Amino acid sequence: MGRWGARDVRGNPVLWLSILPSAGRNEPLKKECPKWKSDYPMTDGQLRSKRDEFWDTAPAFEGRKEIWDALKAAAYAVEANDHSLAQAILDGASITLPHGSLTECYDELGNRYQLPVYCLAPPVNLILERSEEEA
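Just so you know, we're using full-length UniProt numbering here: the sequence shown kicks off at 1 and counts up by one.
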């Protein structure tokens, strides 16, 4: 990992550390949304309730509130198809994505944050509700 050989200004040997960038350490946010199927078909309202419950309770268990807030904003930006805004939010909060996905993230202190797929994209079996005007 390191090697001796170089010398400082006084002639003392110096250990040079070779720090190689580890593959997958921090990937840019991928543009494709995860595809998933709910165990039961759900409406948009049920999906929103499930997401609200997650965002309300996640900061209470572990991690820093400001990071959870940034992840929530980034998740909303992804859903609105604004990946550049999502990436800017992640960069500004120093959040790293080892796999380029919001499903596994780390803050600058090394705390791990995991977002469920239902916070990132609707299920493929989402029940589309019709408004009274459409019916």
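A virtual CB, placed ideally from N, CA and C, is assigned to each residue, including glycine.
For clarity, every value in this text was computed on a predicted model and none was experimentally measured.
Cβ of residue i versus every heavy atom of the ligand ADP: is any distance shorter than 8 Å?
{"i": "D44", "result": "Looking at this structure, you won't find the ligand ADP or any other ligand, since it has none at all."}
Looking at the structure shown, is residue i part of a helix, part of a strand, or coil, going by DSSP?
{"i": "G57", "result": "Inspection of the sequence shows that residue 57 is occupied by Thr rather than by Gly. Reduced to three states, the DSSP call for T57 is helix."}
{"i": "I67", "result": "helix"}
{"i": "R48", "result": "helix"}
{"i": "C33", "result": "coil"}
{"i": "D82", "result": "coil"}
{"i": "G90", "result": "The question names Gly, but residue 90 is Leu in the sequence shown. Correct three-state label for L90: helix."}
{"i": "A121", "result": "coil"}
Applying the criterion that 16 or more other CB atoms from any shown protein chain within 10 Å of the CB defines a buried residue, is residue i buried or exposed?
{"i": "A60", "result": "exposed"}
{"i": "Y78", "result": "Per the sequence shown, residue 78 should be read as Val rather than Tyr. Buried, since its Cβ has 16 or more Cβ neighbours within 10 Å."}
{"i": "Y40", "result": "exposed"}
{"i": "D107", "result": "buried"}
{"i": "L128", "result": "exposed"}
{"i": "A80", "result": "exposed"}
Which residue or residues does DSSP assign as beta-bridge partners of residue i?
{"i": "I127", "result": "T43"}
{"i": "Y106", "result": "T96 and R112"}
What do you reckon, are the CB atoms on residue i and residue j nearer than 9 Å?
{"i": "C33", "j": "L109", "result": "no"}
{"i": "V124", "j": "K35", "result": "yes"}
{"i": "E53", "j": "G100", "result": "no"}
{"i": "R25", "j": "P98", "result": "yes"}
{"i": "P122", "j": "D56", "result": "no"}
{"i": "A74", "j": "A86", "result": "yes"}
{"i": "L126", "j": "L115", "result": "no"}
Which whole-angstrom value describes the C-beta separation of residue i and residue j, a residue pair presumed to lie in contact below a C-beta threshold of 8 Å?
{"i": "G63", "j": "Y113", "result": "5 Å"}
{"i": "I89", "j": "I67", "result": "Contact flag wrong, Cβ pair sits at about 11 Å."}
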